[in-house]
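In this text, residue positions in the sequence shown follow our numbering: the first is 884, and each later residue adds one.
Note that beta-carbon positions come from the ideal geometry of N, C-alpha and C, so glycine has one too.
The structure appears right after this line, and notes come after that.
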Amino acid sequence: MLTVASDIEVLARFGRALADPIRCRLLLALREAPAHPSDLADALGISRTRLSNHLACLRDCGLVVAIPVGRRTRYELADARLGHALDDLRNAVVAVEEDKNCPDAETKGCC
Numbered sequence: 884m885l886t887v888a889s890d891i892e893v894l895a896r897f898g899r900a901l902a903d904p905i906r907c908r909l910l911l912a913l914r915e916a917p918a919h920p921s922d923l924a925d926a927l928g929i930s931r932t933r934l935s936n937h938l939a940c941l942r943d944c945g946l947v948v949a950i951p952v953g954r955r956t957r958y959e960l961a962d963a964r965l966g967h968a969l970d971d972l973r974n975a976v977v978a979v980e981e982d983k984n985c986p987d988a989e990t991k992g993c994c
């Protein structure tokens, strides 16, 4: 059963999804068009097992849905507005000083 997530939960889920470069690439690919996992794996140059794990994360975050198409499954963004949100994030200006990283960059591998 689908439920409506709170504003904070939605942002946390989106943040979790965007925390990994492969998931970012997946979201951008699905922003362009729905796709089958084999096509996504080939386009991203990753194994199907690795892709499957990332798609599972994106499904759990509620950002993508799996649509059965005969014997295959097609993935697409759960809501078309996510594509607009991704565009807005890509076009946002982020103020980062060149000599500064977040305090957790080295220990947690972020930023």
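Using a Cβ distance threshold of 8 Å, Ala912 and Ala926 count as a contacting pair. Look at the segment 898-935 and you find these whole runs of alpha helix (DSSP H), each 4 residues long or longer: 904-915 and 920-927. Assigned with DSSP and collapsed to three states, Ala968 falls in helix.
In this structure, DSSP gives Ala949 an extended state, which the three-state scheme calls strand. In the structure shown, the three-state DSSP call for Arg954 is coil.
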